[in-house]
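**Q** Please find one structure pasted underneath; my questions will follow.
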Amino acid sequence: MTFDLLFKSALTRFEFIVDGPPVSQQARKRGKGNRLQDWKKTVRQEAEKYWSSEHKTATGLVMLQITYFYDSVQIDVDNIVKPIQDAIKGLAYVDDEQVSDLVVRKRNLSGNFRIENMTSTLAEGFARGNEFLHIVVINASNQEVLT
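For our numbering, add 15 to where a residue sits in the sequence shown, where the first one is 1.
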């Protein structure tokens, strides 16, 4: 890891939502390549809707947080990461090698959970009334301290 990659970064927080369900990276292996490519395009288009001139592409390490709020059909969370990483490369960050921290979770919309510090973007996702993904990219924490 270079010094520049560790300590240079312009991004502070970028978040957006995408209507679900997500398409798994495994779709490519099942001969459903068009579905996977279409999903990546959808994620990119949605990300671009939330991107503003105030946002700057991160040049340092970032944390990617993905929460899949599902209704009835759920997929393995580990299979939804790569298509999303690829879709926002060049927008939220230069390259997906900058993702040093990753939090991926799924929550049933009918389940019990509490949301602290809800953003207007996340509230918009719930207001749509169907399953969605909430995606957040923030600067990574200090790489020398593990908590």
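Glycine residues also receive a C-beta, built at the ideal position from the N, C-alpha and C atoms.
Would F31 pass as a contact of Y65 if the rule is Cβ separation under 7 Å?
**A** Here the question's residue 31 lines up with position 16 in the sequence shown. Here the question's residue 65 lines up with position 50 in the sequence shown. Cβ distance < 7 Å, so F31 and Y65 count as in contact.
**Q** Is I90 near S39, with beta carbons less than 7 Å apart?
**A** Mapped onto the sequence shown, residue 90 falls at position 75. Mapped onto the sequence shown, residue 39 falls at position 24. Yes, the pair counts as a contact, with Cβ atoms nearer than the cut-off.
**Q** If I measure Cβ to Cβ from Q41 and keep anything under 8 Å in the same chain, skipping five residues before and after, which residues do I get?
**A** The count along the sequence shown starts at 1 and reaches residue 41 at position 26. Excluding sequence neighbours, Q41 sits near N94.
**Q** Can you look up D19 in the DSSP assignment and give me helix, strand or coil?
**A** Numbered from 1 along the sequence shown, position 4 holds the residue referred to as residue 19. Unreliable positioning characterises D19 in this predicted model, as indicated by a pLDDT of 46, which lies under 50. The coordinate reading is nonetheless provided below. Of the three classes helix, strand and coil, the one that applies to D19 here is helix, per DSSP.
**Q** Would you identify the three-state DSSP class for R59, choosing helix, strand or coil?
**A** In the sequence shown, counting from the first residue as 1, residue 59 sits at position 44. Three-state result, R59: helix.
**Q** Could you tell me the boundaries of the alpha helix (DSSP H) in which D101 lies?
**A** In the sequence shown, counting from the first residue as 1, residue 101 sits at position 86. That run of the alpha helix (DSSP H) goes 96-103.
**Q** Is A102 closer than 7 Å to K55 when the C-beta atoms are compared?
**A** As a working mapping, residue 55 is identified with position 40 in the sequence shown. As a working mapping, residue 102 is identified with position 87 in the sequence shown. Yes, the Cβ-Cβ distance between K55 and A102 is below 7 Å.
**Q** Using DSSP's beta-bridge definition, name the partner residues of I90.
**A** In the sequence shown, the residue the question calls residue 90 occupies position 75. According to DSSP, which records beta bridges pairwise, I90 is partnered with nothing at all.
**Q** If we ignore side chains and look at the alpha-carbon of each, how far apart do L76 and T134 end up?
**A** Against the sequence shown, residue 76 aligns to sequence position 61. Against the sequence shown, residue 134 aligns to sequence position 119. If you take the alpha carbons of L76 and T134, they lie about 23 Å apart.
**Q** Helix or strand or just coil, what does DSSP make of A73?
**A** On the sequence shown, position 58 is the one that residue 73 refers to. DSSP places A73 in strand when its eight states are reduced to three.
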